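If you count the sequence shown from 1, position 195 lands on 194 in numbering that gives the first Met the number 0, and the numbers rise without skipping.
Here the structure is laid out as structure tokens; the discussion comes afterwards.
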Amino acid sequence: MTRPLNLTVLLAALMLLVSPALAQKKQAEQAAPPKAIGETTMLAVYVDVTQLDPEMISGVGDMLLGLAENEALQDQELALPIGDPQQLADMLTLLRGSFVQAGGEALMMTIEMPEEDSWSPPMALLAKTNDKFDATSMTALIRSMGEAKMEASIEALGDGWQNIAMKSKEGDAVTLPLPKPDAAAFDAINKQLTQHKKPMLAVAFRMQDQLREMMDQAEQAAKNAQPGQGQDAQQQMAMGMMMGMFKPVRSLDTLGLAISQVDEGMLVDAQMTFQDAQSAQQFANLYNSILMFAPVMMAGAAQEGQIENMPDPATINQFFMKLRMTVAGNSLKLTLDQDFFDLAEKLAPLFEGLNGQGEEDFDL
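Set out below in structure tokens:
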């Protein structure tokens with residue numbers, strides 16, 4: 000399969016997994032199929048497709064248009080070449096409707112570590128279906144996503160879950176075969192995917208040994224670097240705190256994120272589970288310490304420029320207090336409710352002002 004085709008398939012699948020802000024309430028069952036989770040599974044992404052609607056998908060198109068027209072990204076040659084956002088939104092709306100009509104309720108994507116020099120990680124694609132499931136229609140839909148340049152087959156996994164296997168016309172695998180099931184990996188990932196009873200979007204990340212090795216190398220490189228060159232005292236302090244996080248993050252086991260719609264608005268549940276309680280406490284201390292200094296650093300930077308509608312210090316402090324994580328054994332928990340998003344809206348002038356001040360230095 001060619002790279003552009005592979006990218007088209009991946010983009011179409013991913014775009015069904017984004018923009019939960021306008022999700023409608025829905026009684027949805029949430030669980031990962033045990034047969035799809037193995038020791039090397041790094042990431043699992045679940046979305047209740049039935050909670051998507053044309054208005055929400057249109058919002059995705061507007062978001063992409065904003066990224067495509069962002070002057071800072073264009074200056075860095077990072078703007079997305081997405082074409083016509085409305086055309087993309089129309090295509091995703093059609094795909095969503097066809098998926099639900101074929102008896103689909105949810106999609107799950109599992110991803111393993113990419114191979115060296117690989118442009119994309121290997122992935123598997125699964126669908127949660129109901130009693131209206133039509134395998135023929137679902138297969139035709141998957142083929143249409145690949146512009147009829149690939150073959151697709153569906154394997155039932157039980158409990159309504161279907162494994163979608165895709166191959167190019169030349170016989171090259173597009174999706175991963177199912178891994179050897181691993182009970183420990185399943186328990187860890189499924190725990191993160193079930194933080195909330197009715198999520199529209201749930202994400203579970205599991206640390207891999209290859210990532211720990213990369214972190215060891217990055218930590219060693221940071222230690223070997225000359226500290227403090229071109230940095231003021233605040234920058235040096237922030238850099239010291241970031242380096243201090245290497246050790247506890249190395250002990251991270253899983254990270255989970257669930258986004259749901261409740262009566263009061265949007266709800267985000269985040270959780271980090273470590274291999275031991277000491278690492279969890281150490282990370283929490285460092286993370287929450289940074290949050291204590293953040294309002295002071297942001298207020299100082301804002302005073303150097305002229306920001307209209309500057310939020311008051313109390314609002315800034317409340318915003319960062321909402322981001323504090325609580326410790327529960329070897330896990331850290333964070334819940335962001337509608338009050339947090341209301342505060343974020345009040346802080347929009349501050350973030351826009353700081354971004355405007357730093358555009359000349361925006362260099363990746």
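Yeah, the Cβ is synthetic: ideal placement off N, Cα and C, and Gly gets one too.
Computed from a predicted model, the values in this text were never measured in an experiment.
{"query": "Take the Cβ of Gly328 as the centre, count every other Cβ of all protein chains shown within 10 Å, and call the residue buried at 16 or more, exposed below.", "result": "exposed"}
{"query": "Please go through the same chain and pick out, in chain order, the residues whose beta-carbon is closer than 6 Å to the beta-carbon of Pro312, but skip the five residues on each side of it.", "result": "none"}
{"query": "When burial is assigned at 16 or more other CB atoms within 10 Å of the CB, is Glu104 buried or exposed?", "result": "buried"}
{"query": "I need the straight-line Cα distance from Pro198 to Ile289, nearest angstrom please.", "result": "29 Å"}
{"query": "Tell me which same chain residues have a C-beta within less than 8 Å of the C-beta of His195, skipping the five on either side of it?", "result": "Gln29, Ala201, Ala257, Ser259, Leu266, Asp268"}
{"query": "Is it the case that the Cβ atoms of Thr92 and Pro33 are separated by a distance below 8 Å?", "result": "no"}
{"query": "When you compare each of Phe282, Glu169, Phe204 to Val44 by their alpha carbons, which one comes out closest?", "result": "Phe204"}
{"query": "Sorted by chain position, which residues of the same chain lie with C-beta nearer than 7 Å to Arg249's C-beta, five sequence neighbours on each side aside?", "result": "Arg211, Met214"}
{"query": "Check for me: the beta strand (DSSP E) holding Phe204 runs from which residue to which?", "result": "198 to 205"}
{"query": "Please classify Asn129: is it buried, with 16 or more other beta-carbons within 10 angstroms of its beta-carbon, or exposed?", "result": "exposed"}
{"query": "Could you check whether Ala187 and Thr138 sit closer than 8 Å to each other, using their CB atoms as the reference points?", "result": "no"}
{"query": "Evaluate Val295 with the Cβ neighbour count: other Cβ atoms within 10 Å of its Cβ, from every protein chain shown; 16 or more gives buried, anything less gives exposed.", "result": "exposed"}
{"query": "Compare the beta carbon distance of Ile315 and Ala184 with 8 Å and say whether it is the shorter of the two.", "result": "no"}
{"query": "Can you pull the DSSP bridge partners for Ser152?", "result": "Ala164"}
{"query": "Using only CA atoms, which one of Gln337, Ser330, Ala88 lies nearest to Asp262?", "result": "Gln337"}
{"query": "Between which residues of its own chain and Met107 is the CB-CB distance below 6 Å, once the five residues before and five after are set aside?", "result": "Tyr45, Leu125"}
{"query": "Express the C-alpha separation of Lys166 and Met291 in angstroms, rounding to a whole number.", "result": "51 Å"}
{"query": "Are Lys168 and Glu150 closer than 8 Å when you measure CB to CB?", "result": "yes"}
{"query": "Run the CB neighbour count on Thr325, radius 10 Å, all protein chains shown included, and call it buried at 16 or more, exposed below.", "result": "exposed"}
{"query": "On the CB-based measure, 16 or more other CB atoms within 10 Å of its CB, does Arg323 come out buried or exposed?", "result": "exposed"}
{"query": "According to the neighbour-count rule (16 or more other Cβ atoms, all chains shown, within 10 Å of its Cβ), is Asn162 buried or exposed?", "result": "buried"}
{"query": "Under the three-state reduction of DSSP, which class applies to Ala101: helix, strand or coil?", "result": "coil"}
{"query": "Given Leu175, which residues of its chain have a CB within under 7 Å of its CB, disregarding the five upstream and five downstream residues?", "result": "Glu111, Pro121, Met122, Ala123"}
{"query": "Under 8 Å, do Ser97 and Leu51 count as touching if we go by C-beta distance?", "result": "no"}
{"query": "For Ala279 and Pro178, what's the separation of their Cα atoms in angstroms?", "result": "30 Å"}
{"query": "Which residue marks the beginning of the alpha helix (DSSP H) containing Ile36, and which one marks its end?", "result": "Careful: Ile36 lies outside any alpha helix (DSSP H) and carries neither H nor E."}
{"query": "How about Lys332 and Gln270: do their beta carbons lie closer than 8 Å?", "result": "yes"}
{"query": "Starting from the C-beta of Glu344, find all residues in its chain whose C-beta is less than 8 Å away, skip the five residues before and the five after it, and write them out in chain order.", "result": "none"}
{"query": "For Leu42, which option in Glu218, Gly157, Met206 has the closest C-alpha, if you only look at C-alpha atoms?", "result": "Met206"}
{"query": "Name the two residues that bound the continuous beta strand (DSSP E) containing Glu333.", "result": "Residue 333 is actually Leu in this sequence, not Glu. Leu333 -> beta strand (DSSP E) spans 330 to 335."}
{"query": "Rounded to whole angstroms, what's the CA-CA distance from Ala347 to Ala293? Just pull it up for me.", "result": "16 Å"}
{"query": "To the nearest angstrom, how far is the alpha carbon of Ala27 from that of Phe318?", "result": "Bear in mind that a pLDDT of 39 at Ala27, under 50, signals an unreliable position, so the model cannot answer this."}
{"query": "Which residues mark the beginning and the end of the alpha helix (DSSP H) in which Ser136 is found?", "result": "134 to 144"}
{"query": "Does Ala126 come out as helix, strand or coil in the three-state DSSP assignment?", "result": "strand"}
{"query": "For Gly264, which residues of its own chain have a beta-carbon under 8 Å away from its beta-carbon, when the five flanking residues on both sides are left out?", "result": "Asp336, Gln337, Phe340"}
{"query": "Can you tell me whether DSSP reads Glu54 as helix, strand or coil?", "result": "helix"}
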